[in-house]
Amino acid sequence: MSDCIFCKIAAKEIPSTRVYEDDMVVAFHDLEPQAPVHVLVIPKKHVESLVALRQEDRELAAHILIDVIPKIANDLGIAEEGFRTVANTGDNGGQTVKHLHFHVLGGRFMKWPPG
Ligand code: 5GP
Ligand code: ZN
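Numbering-wise, the working numbering comes out as the position in the sequence shown, counting from 1, plus 553.
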């Protein structure tokens, strides 16, 4: 989508600090980190949110959850102590960028519940 910030990051039209990339996914450091490690994992294709995923996206969704997030957590050294994965969805979910993304936060204790 032409006016989507995360599509532009995926296309390298906007710079980001990448920690992982493959043919389906990009992961990069959040501009305003909320924890010592705060990475965003996005599909390269524009999907608006979790509720916009379709049957044809099964492989993509499984890849992100099974392969990519655990690998990034291991690579960034937060897997053992634990981390939080969040997908804010829609307005009440606090989603500000309307391109599906998974926050991966670690390096400190995460309180629950969020505000
Ligand atoms: P949301 O509130 O939609 O769940 O999360 C959007 C996240 O994207 C926020 O944590 C925000 O800091 C991050 N963000 C917004 N614009 C940019 C950008 O241009 N570059 C990077 N690296 N992160 C961004
Ligand atoms: Zn997009």
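Positions of the beta carbon are idealized from the N, C-alpha and C atoms, including for glycine.
Check	Outcome
Per DSSP, cross-strand counterpart(s) of glutamate 574	Val579
Contact shell at 6 Å, judged by CB to any heavy atom of the ligand ZN, ordered along the chain	Met554, Cys557, Phe559, Cys560, His599 and His652
Cβ-Cβ distance between valine 579 and isoleucine 595 below 8 Å	yes
The segment 641-651 contacting the segment 592-609, beta-carbon criterion three pairs below 8 Å	yes
Beta-carbon spacing of leucine 653, valine 590 below 8 Å	no
Coil, strand or helix - phenylalanine 636 by DSSP	strand
Same chain, Cβ closer than 6 Å to cysteine 560, five either side skipped, listed in chain order	Met554 and His599
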